[in-house]
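Asks:
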Amino acid sequence: MDADITLDIRNLETHFAADPGVSKAVDGVSFKVRRNETLAVVGESGSGKSVTSLSVMRLIPTPPGRIAGGEILFRGRDGRVRDLARLSEKEMRSVRGNEIGMIFQEPMTSLNPVYSVGDQIGEALRYHQGMDRKAARAEALALLKKVGIPAAERRLDEFPHQMSGGMRQRVMIAMALACRPTLLIADEPTTALDVTIQAQILDLMRRLQAETGTSILFITHNLGVVAEIAHRVVVMYSGRVVEEGDVRSLFKNPRHPYTRGLLACMPNLGQSRGEAARLEAIPGNVPSPVNRPKGCTFAPRCPWAEPACTTAEPVLEPVGPDHSARCRRWRDLP
Amino acid sequence: MTTQPLLQVRGLEKKFPIRGGLLQRPVGWVKAVDDLSFDLNRGEVLGLVGESGSGKTTAGRSILRLIEPTSGSIRFDGEEVTGLPPAKMRALRRRMQIVFQDPYASLDPRQRVRDVIGEALTIHNIGTKADRRDRIAALLQKVGLTADAMDRFPHEFSGGQRQRIGIARALAVEPDFIVADEPVSALDVSVQAQVVNLLGDLQRELGLAVLFIAHDLAVVRYISDRVAVMYLGRLMELAPSDSLYDRPRHPYTRALLSAAPEPDPDAPKQRMLLEGDVPSPMNPPTGCVFRTRCPFALPACAEPAARIPREIAPGHVVSCIRDDVIAG
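Protein sequence lines, in the order shown, are assigned to chains A and B.
According to my numbering, the residues represented by the first sequence are -9 to 324, in order.
According to my numbering, the residues represented by the second sequence are 13 to 340, in order.
#1: Would A/Leu133 be called buried (16 or more neighbouring beta carbons within 10 Å of its own) or exposed?
#2: Grouping DSSP H, G and I as helix and E and B as strand, with all else coil, what is B/His328?
#3: Skipping 5 residues on each side, what residues in its chain have a beta carbon closer than 6 Å to that of A/Gly38?
#4: By Cβ distance, which residues of its chain are closer than 6 Å to A/Gly87, with the 5 residues on each side in sequence left out?
#5: Taking C-beta pairs closer than 7 Å, name the residues in chain B that A/Gln190 reaches, listed in chain order.
#6: Count the other CB atoms, across all protein chains shown, that sit within 10 Å of the CB of B/Trp41; report buried if there are 16 or more and exposed otherwise.
#7: Would you please state the rounded distance, in angstroms, between the beta carbons of A/Met162 and A/Leu101? I believe it to be under 8 Å.
#8: Between A/Met98 and chain B, is any beta-carbon pair separated by less than 8 Å?
#9: Does DSSP put A/Asp(-2) in a helix, in a strand, or in coil?
#10: Could you tell me the boundaries of the alpha helix (DSSP H) in which B/Ile79 lies?
#11: Could you run through the region 219 to 234 of chain B and flag, in chain order, every residue whose CB is less than 8 Å away from some CB of chain A?
#12: Taking Cβ positions only, does B/Asp254 come closer than 8 Å to chain A?
#13: Below 9 Å between beta carbons is the criterion; list the residues of the region 146 to 176 of chain B that meet it against any residue of chain A, in chain order.
#14: Would A/Glu218 pass as an interface residue toward chain B - the criterion being a Cβ-Cβ separation below 8 Å?
#15: Hey, which unbroken runs of the beta strand (DSSP E) at 3 residues or more fall wholly within the region 35 to 76 of chain B?
#16: Buried or exposed: where does B/Met13 fall if 16 or more other Cβ atoms within 10 Å of its Cβ makes it buried?
#17: Between the alpha carbons of B/Cys313 and B/Arg259, how many angstroms are there, rounded?
#18: A/Ser314: which of A/Cys255, A/Gln159, A/Val232 and A/Leu44 sits nearest, CA to CA?
#19: Cβ of B/Gly84 within 7 Å of any heavy atom in the ligand GTP?
#20: From the DSSP output, in three-state form, read off B/Arg122 for me.
#21: Pick out the complete beta strand (DSSP E) segments inside the region 129 to 207 of chain A, 3 residues or longer, and give them in chain order.
#22: How about A/Val31 and A/Leu213: are their beta carbons less than 8 Å apart?
#23: Whole angstroms are fine: how far does the CA of B/Pro275 sit from the CA of A/Val215?
#24: At 3 residues or longer, and completely inside the region 25 to 73 of chain A: list those beta strand (DSSP E) runs for me, N to C.
#25: Less than 8 Å separating the beta-carbons of B/Gly55 and B/Ala184?
#26: Can you list, in chain order, the residues of the region 218 to 248 of chain A whose Cβ is nearer than 7 Å to any Cβ on chain B?
#27: Here's a check: name, in chain order, each residue in its chain whose Cβ is nearer than 6 Å to the Cβ of A/Ala130, leaving out the five neighbours to either side.
#28: Only counting the same chain, and skipping five residues up and downstream in sequence, which positions put a Cβ closer than 6 Å to that of B/Leu78?
#29: For B/Thr342, which three-state DSSP category applies?
#30: Since A/Met92 sits in a beta bridge, which residues does DSSP pair it with?
#31: Tell me whether B/Asp228 is buried or exposed, calling it buried when 16 or more other Cβ atoms sit within 10 Å of its Cβ.
#32: Residues of chain B with CB under 9 Å from A/Arg263, in chain order?
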């Protein structure tokens, strides 16, 4: 593993017991996150993006879920590489919230309602860094200021329910960054927020990354947010990576029909009524993870599909510098 | 054919009590919608955008009297809707329908699709039993489902298909006017486009007037002829879509548009970042409600006159006293 790589996921498989059968929520996913980089994983519901991030944190409820195969190689603060898929629960506890920070979609459900935000931020510092109560409180205050919470001294003793959604997400970020993690996992961190607040949070995350050099794994369904924050992008569809590349080539020259479909079906702000009579919708629905079609899982919805697509499984192949796609017809796309 | 608008809303206000104490007496009031006025013409789509707490959903429901407005006038096809007795209101409901946001919560899980759609026909005494069956089949086909869907239950359908059922239900009684309250925000993007297309097609084909409530600015522009922007219960700006998006006048509209992330990594990132959060609706700022976050606010913005909407060009309403900013 190269020295500039923080996270290297290799052929990850996360399965859930379903009735009947097995739901292969993550079905052979590989990607890398480099130091100082924001990698966005984008996909619709059922694509496996959130299960991938929960697998990295080893937060998959077992049973019914389990990591059925693959490696999750993570480079810690000391430079040592470990396979998170094989760590004991005790070892994982020293990683979570310490070397890997995490921000979730709904800050109200991920914050504890009965502790003040100062106590909650301080908890990680006392547990992982052995700080005493006073030092932890001082550090929590500094963190609240850093994430732009006004009147931080007063807010330190407030409870989550006394804060707005945007404030709570700032508290979550402060908590996630408390122990200076080398990797920050952000799972739909702005989805529950209004656009003006979303803009503030994205701005904050960009600024903090520039300051700390933390790698960010950013899970989202919103391509607008991806264009805004990501350096590189992984597009997932039904448990697999279908395209991966740097943000510019992926948006400007998408080589997988699904990525093209996603980009084409969103209206953009400059598009008025009547300019294009219809949006280019992708027909059909995401296939069930218990019973995926043979061959390319996107073929039944793909305007480019040919008979061979439904028999042989396509491989993720290079289509340009730092850009690969899982489509046998990528050369034929206009 | 008259030139009178189908819907005329004047000074609409909806207050909710905040209850407290042992006896749950009102201890204060939240003005969810305050002094909202607009017209909607036949066959026209008016987009209503705003962030959470802006009052857009309350406005839509007050207009249909699904919740009782506190004051103001709502005229539908010339007839005053507020204060209409229940029997007359029920008759009028045949002409005004709603499509809800959450296709999972808005369909009764124990009803078959045929009953979900057919209930309105029964209530309004439309057609004979045999007629109704044909009619439901035709409606399902119109929204892109097959007729055999009518014997199934909502849980057998995906989110996008359920929203199609919700649309078929709204259209069953052949309304002139539909409130579409965030109809696509719970759907995945690829499915969202299918439903937006369907709504656009049906609206054109049936000449429906639609109040399209949403927070996704791009979708709203795509489907609307005119757009109204709300903030903290009040109208900030109302204009034909192209003028509002290409040349927004109100500072809030500008901030809102500039905050929307565009799916283009080369899009300019110079932002008009708003400071702080939306103030509490229990205690809104005096004067212009946006002034506490507005980079152009002056002392005069705290005066009552600063909140009055005014027409700065034909059909273009702005609630802002900074003429220099509006012109810029």
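Virtual Cβ for every residue (Gly too), placed ideally from N, Cα, C.
Replies: Reading off the structure:
#1: Position 143 of the first sequence, counting from 1, holds the residue named residue 133 of chain A. Per the 10 Å Cβ criterion, buried.
#2: On the second sequence, position 316 is the one that residue 328 of chain B refers to. Strand at B/His328.
#3: Here residue 38 of chain A refers to the residue found at position 48 of the first sequence. Excluding positions up to five away in sequence, the list reads Ala15, Val16, Met226 and Gly229.
#4: If you number the first sequence from 1, residue 87 of chain A lands on position 97. Taken in chain order, the residues that qualify are Ala114.
#5: Within the first sequence, numbered from 1, the residue matching residue 190 of chain A stands at position 200. Here the neighbours are Leu285.
#6: Looking up residue 41 of chain B in the second sequence gives position 29. B/Trp41 should be labelled exposed.
#7: In the first sequence, residue 162 of chain A corresponds to position 172, counting from 1. In the first sequence, residue 101 of chain A corresponds to position 111, counting from 1. Confirmed, about 7 Å.
#8: Stepping through the first sequence from its first residue, residue 98 of chain A is reached at position 108. Closer than 8 Å: no.
#9: What you label residue -2 of chain A is simply residue 8 of the first sequence in a count that begins at 1. Correct three-state label for A/Asp(-2): strand.
#10: Taking the first residue of the second sequence as position 1, residue 79 of chain B is located at position 67. It is not in any alpha helix (DSSP H) - B/Ile79 carries neither H nor E in the DSSP assignment.
#11: His227, Leu229, Ala230, Val231, Arg233 and Tyr234
#12: Start at 1 with the first residue of the second sequence, and residue 254 of chain B comes out as number 242. Yes, B/Asp254 lies at the interface with chain A (some Cβ there is under 8 Å from its Cβ).
#13: Ser170, Gly171, Gly172 and Gln173
#14: Position 228 of the first sequence holds residue 218 of chain A. Yes, A/Glu218 lies at the interface with chain B (some Cβ there is under 8 Å from its Cβ).
#15: 37 to 52 and 57 to 61
#16: Stepping through the second sequence from its first residue, residue 13 of chain B is reached at position 1. Interpretation of B/Met13 is limited by its pLDDT of 49, a score under 50 that renders its predicted location unreliable; the figure taken from the coordinates is listed afterwards. That one is exposed.
#17: Your numbering for residue 313 of chain B matches position 301 in the second sequence. Your numbering for residue 259 of chain B matches position 247 in the second sequence. Cα to Cα, B/Cys313 sits roughly 22 Å from B/Arg259.
#18: Residue 314 of chain A sits at position 324 when you count from the first residue of the first sequence. The shortest Cα separation from A/Ser314 among A/Cys255, A/Gln159, A/Val232 and A/Leu44 belongs to A/Val232.
#19: The ligand GTP is absent from the structure shown, which contains no ligands of any kind.
#20: Start at 1 with the first residue of the second sequence, and residue 122 of chain B comes out as number 110. B/Arg122: coil per DSSP, three-state reduction.
#21: 173 to 177
#22: Residue numbering aside, residue 31 of chain A sits at position 41 when the first sequence is read from its first letter. Residue numbering aside, residue 213 of chain A sits at position 223 when the first sequence is read from its first letter. Their beta carbons are not under 8 Å apart, which means A/Val31 does not touch A/Leu213 by this criterion.
#23: On the first sequence, residue 215 of chain A is found 225 positions in, with the first residue counted as 1. On the second sequence, residue 275 of chain B is found 263 positions in, with the first residue counted as 1. The alpha-carbon atoms of A/Val215 and B/Pro275 are separated by roughly 7 Å.
#24: 28 to 32, 55 to 65 and 71 to 73
#25: Residue 55 of chain B sits at position 43 when you count from the first residue of the second sequence. Residue 184 of chain B sits at position 172 when you count from the first residue of the second sequence. It is not a contact, given that the beta carbons lie outside the stated cut-off.
#26: Glu218, Val237, Arg238 and Phe241
#27: As a position in the first sequence, residue 130 of chain A is number 140, starting the count at 1. Same-chain partners within the cutoff: Gly108, Ile111 and Gly112.
#28: Here the question's residue 78 of chain B lines up with position 66 in the second sequence. Around B/Leu78: no qualifying Cβ.
#29: Nothing about residue 342 of chain B can be reported from this structure: the residues present for chain B run from 13 to 340 only.
#30: Translated into the one-based positions of the first sequence, residue 92 of chain A becomes position 102. Bridge partners of A/Met92: A/Ile175.
#31: Along the second sequence, read from residue 1 onward, the residue named residue 228 of chain B stands at position 216. Under this definition B/Asp228 is a buried residue.
#32: Residue 263 of chain A sits at position 273 when you count from the first residue of the first sequence. Chain B residues near A/Arg263: Val57, Gly212, Arg233, Tyr234, Ile235, Ser236, Asp237, Ser253 and Asp254.
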